[in-house]
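J.: Per the working numbering: the sequence shown = residues 3 to 359.
Sharing a structure with you now.
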Amino acid sequence: MLVLGIETTCDETAAAVVERQADGQARILSNVVRSQTDEHARFGGVVPEIAARAHVDLLDGIVDSAMKEAGVGYGQLSAVAAAAGPGLIGGVIVGLTTAKAIAMVHDTPLIAVNHLEAHALTPRLTCALAFPYCLFLASGGHTQIVAVVGVGEYVRLGTTVDDAMGEAFDKVAKMLSLPYPGGPEVERAAAGGDPTRFAFPRPMLGRPDANFSLSGLKTAVRNEASRLEPLEPQDISDLCASFQAAVLEATADRLTVGLRLFEERFGTPRALVAAGGVAANHAIRSALQDVAAKAQTTLIIPPPALCTDNGAMIAWAGAERMALGLTDTMEAPPRARWLLDANAKAPAGHANSRAGY
Ligand code: KG4
Ligand code: ZN
């Protein structure tokens, strides 16, 4: 089965061709990603209108490259998959409409993939992981703990009630005048800082649910930064280190609760899987390693190119759905919000943020 996957929900324009063999093994034939970081950098964050226009300009060429690199003709495709949400609606429309056009012209099935489902199924693409497993997804747009029970069977165990984790890193970087994207910059600055200099709050610590909250922590950093003005480089490092220490402790606590909730409902997870840009953070990785070891499970972090937004994960989710006969019609809508877990409710306050859908 050969599937073309298209990803345009945020600031990456991506397309890929993935092969799924009858035994469920995967082969990535091409995976082309064009990040728009430069276009957004001077605004200190993703500007939806700029992203949508860039997707329009870039997508045709990227799809063409993915098909050429894979050495596959449109007539050979078993399906065309696009991320139909959740995400910035302008970009979602561009990707989904392009997929519909290709599906229509070549008389190929269309699969409207939930972007979060694609992240959730990635460890099956990279290492054929068996169900059930626990996913920790932390990026600029999402912060969720999800029980991945089967294709189409996801139970959200925890989510952020305000900012996404990557968004909090980006906002802290911005208030300290560090460049965008802020996550790697904050990590770098934190390396030379004192994590105990500022006692920032550890949001949600000890709560019985597995939700996250990052907005109060971000405000605490802002207040401390304004109090110290003008900031010396050492202040910036200490602020970053203290912020990161608070994120680490909160993450370990929330994930420990999340894994306990998982165990109660689904038994021991086959693995704890981390995905999203924040999983690139070394301190967070080692915290996750400890959490997984304590819960007697293995930590799996897919390679960075498949952890962050890409077309291969969309193609793979499409292939998994196609294998179960789950295709969509031309009426499939683009969605700004699309909860992965049909029973989950959006947390209060999430409308102010990119996060939490
Ligand atoms: O998954 P991703 O590449 O894109 C989406 O958000 O969809 O995640 C990007 C986010 C940004 O907010 C970025 O600051 C954060 O991941 N990030 C990090 C690190 N590298 C990237 N956050 C903390 N530490 C890092 N090393
Ligand atoms: Zn994503």
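Note that CB positions come from ideal geometry on N, CA and C, so glycine has one too.
Please tell me whether, using a cut-off of 8 Å, the distance from the CB of Gly47 to the nearest non-hydrogen atom of the ligand ZN is below it.
T.: Gly47 Cβ: outside cutoff for every heavy atom of the ligand ZN.
J.: How about Leu118 and Gln146: are their beta carbons less than 9 Å apart?
T.: Yes, these two residues count as a Cβ contact at 9 Å.
J.: Pick helix, strand or coil for Phe138, following the three-state DSSP scheme.
T.: Phe138 falls in the strand class under three-state DSSP.
J.: Tell me the DSSP secondary structure of Tyr76 in three-state form.
T.: If DSSP states are grouped into helix, strand and coil, Tyr76 belongs with the helices.
J.: Using a Cβ-based criterion (distance less than 8 Å to any ligand heavy atom), does Asp13 qualify as near the ligand ZN?
T.: Checking every heavy atom of the ligand ZN against the Cβ of Asp13, none is found closer than 8 Å.
J.: Helix, strand or coil for Ser179, going by three-state DSSP, please let me know.
T.: Looking at Ser179 - three-state DSSP - the assignment turns out to be coil, as it is neither helix nor strand.
J.: Indicate the three-state DSSP secondary structure (helix, strand or coil) for Pro214 in the structure shown.
T.: Here residue 214 turns out to be Phe, not Pro, going by the sequence shown. Phe214 falls in the strand class under three-state DSSP.
J.: Considering only residues of the same chain and omitting the five flanking positions on each side of Glu71, which have a CB-CB separation below 6 Å?
T.: Closer than 6 Å at the Cβ level, and outside the excluded window around Glu71, lie Ser32.
J.: Figure out for me which residue from Phe171, Ala130 and Gly154 has the closest Cα to the Cα of Ala140.
T.: Nearest option by C-alpha distance: Phe171.
J.: Could you check whether Thr11 and Arg85 sit closer than 9 Å to each other, using their CB atoms as the reference points?
T.: One detail in the question is off: residue 85 reads as Ala in this sequence, not Arg. Cβ distance < 9 Å, so Ala85 and Thr11 count as in contact.
J.: Starting from Val151 and walking both ways along the alpha helix (DSSP H), at which residues does that stretch end?
T.: Per DSSP, Val151 belongs to no alpha helix (DSSP H); it is in the beta strand (DSSP E), Thr145 to Gly152.
J.: Please report the straight-line C-alpha distance between Val275 and Ala166, rounded to a whole angstrom.
T.: Their Cα atoms are separated by approximately 18 Å.
J.: Comparing C-alpha positions only, which one of Ala191, Ala277, Phe214 and Leu60 sits nearest to Glu9?
T.: With distances taken between Cα atoms, Glu9 lies closest to Leu60.
J.: Of all the options Asp62, Asp343, Ala346 and Ala314, which has the alpha carbon lying nearest to the alpha carbon of Thr128?
T.: Per the Cα distances, Ala314.
J.: Run the CB neighbour count on Tyr359, radius 10 Å, all protein chains shown included, and call it buried at 16 or more, exposed below.
T.: With a pLDDT of only 41 at Tyr359, under the threshold of 50, the placement of this residue in the model should not be trusted; the figure read from the coordinates follows. Its Cβ being crowded by 16 or more others within 10 Å, Tyr359 is buried.
J.: Thr39: buried (16+ other C-beta within 10 angstroms of its C-beta) or exposed?
T.: So Thr39 ends up on the exposed side.
J.: Are Leu301 and Leu290 touching if we call contact CB-CB under 9 Å?
T.: Yes, Cβ-Cβ distance for Leu301 and Leu290 is below 9 Å.
J.: Between the stretch 243-252 and the stretch 209-221, do three or more beta carbon pairs fall short of 8 Å?
T.: Verdict: yes, contact present.
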